[in-house]
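The structure under discussion appears below in the form of structure tokens.
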Amino acid sequence: MGGSVCKEEVEEKRRSPSREDSLTSADRIRRFTVRQFGFNVLSLTRRGLKEVPEELWELLELQKLNLSLNSLKVVPPQVALLSNLVVLNLWGNQLSSLPPEIGQLRTLRVLFIYRNRLTEIPEELGGCTQLEVLSLANNQLSSLPASLSNLTRLKKLNLSHNLIAHVPGCVYNMKALIVMVLSAWWSPFTPQQTL
1 MGGSVCKEEV EEKRRSPSRE DSLTSADRIR RFTVRQFGFN VLSLTRRGLK EVPEELWELL
61 ELQKLNLSLN SLKVVPPQVA LLSNLVVLNL WGNQLSSLPP EIGQLRTLRV LFIYRNRLTE
121 IPEELGGCTQ LEVLSLANNQ LSSLPASLSN LTRLKKLNLS HNLIAHVPGC VYNMKALIVM
181 VLSAWWSPFT PQQTL
């Protein structure tokens, strides 16, 4: 009868693998990528991520990756596999360190790591010589590695709201620097001590 045919069709669909089931996890994530101003972009912002999905490292074509406002504590060394990245946004997570492999992102031009728990920056970040914008604000940094003097194309540097007591020496080699934000630095001196 007509009603039993519908039930059979529904049952058949339930038993046969759907297109979604046949996709790999990487393909499912890839479906969230978009072309924006000529760039391959993936935004996984506010997804409640506690770790970066392993499948992400298969998306070698990515140029802009937004992992902001999650609960990430670690960026795995596999980040180096995303060698086409131009923009990496990690702000608003719980990162206390970055992997040295981040220095292998030779095409990276913009790196946002503000509002995390970073206590140090790896020396290898100096290998990202194409960087033009670097925001390290609202962390717990007390110094910067000397290797950042290699960032001679850097135009904007935000170091505000950290524990840095003086302008790091590496900044003086950043000849392209136009904007450097230093506001609300921690100072070991009280107003009476500076008089």
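Under full-length UniProt numbering, the residue at position 190 of the sequence shown is numbered 190, and the numbers go up by one with no gaps. Heads up, the beta-carbon is just placed ideally off N, CA and C, and yes, glycines get one too.
Using C-beta distances below 6 Å, list every residue in its chain close to residue i, excluding the 5 sequence neighbours before and after it, in chain order.
i: residue 66; result: 43, 45, 89
i: residue 161; result: 137, 138, 184
i: residue 82; result: 62
Going by alpha carbons, who is nearest to residue i out of the options?
i: residue 135; options: 114, 52, 153; result: 114
i: residue 49; options: 105, 70, 173; result: 70
i: residue 112; options: 165, 92, 58, 103; result: 92
i: residue 59; options: 76, 68, 84; result: 84
i: residue 97; options: 125, 173, 131; result: 125
i: residue 68; options: 132, 47, 55; result: 47
To which residues of the same chain is residue i closer than 7 Å at the C-beta, ignoring the five residues directly before and after it?
i: residue 175; result: 152
Under 9 Å between the Cβ atoms of residue i and residue j?
i: residue 178; j: residue 156; result: yes
i: residue 159; j: residue 180; result: yes
i: residue 144; j: residue 171; result: yes
i: residue 78; j: residue 101; result: yes
i: residue 154; j: residue 119; result: no
i: residue 75; j: residue 108; result: no
With a threshold of 8 Å on Cβ separation, who are the neighbours of residue i within its own chain once the five nearest residues in sequence on each side are excluded?
i: residue 94; result: 71, 72, 73, 116, 117
Could you please give me the residues that DSSP links to residue i through a beta bridge?
i: residue 70; result: Answer is none; residue 70 lacks a bridge partner.
i: residue 181; result: 158
* Asked: What are the complete alpha helix (DSSP H) segments, minimum 4 residues, inside the stretch 75-130?
  -> none
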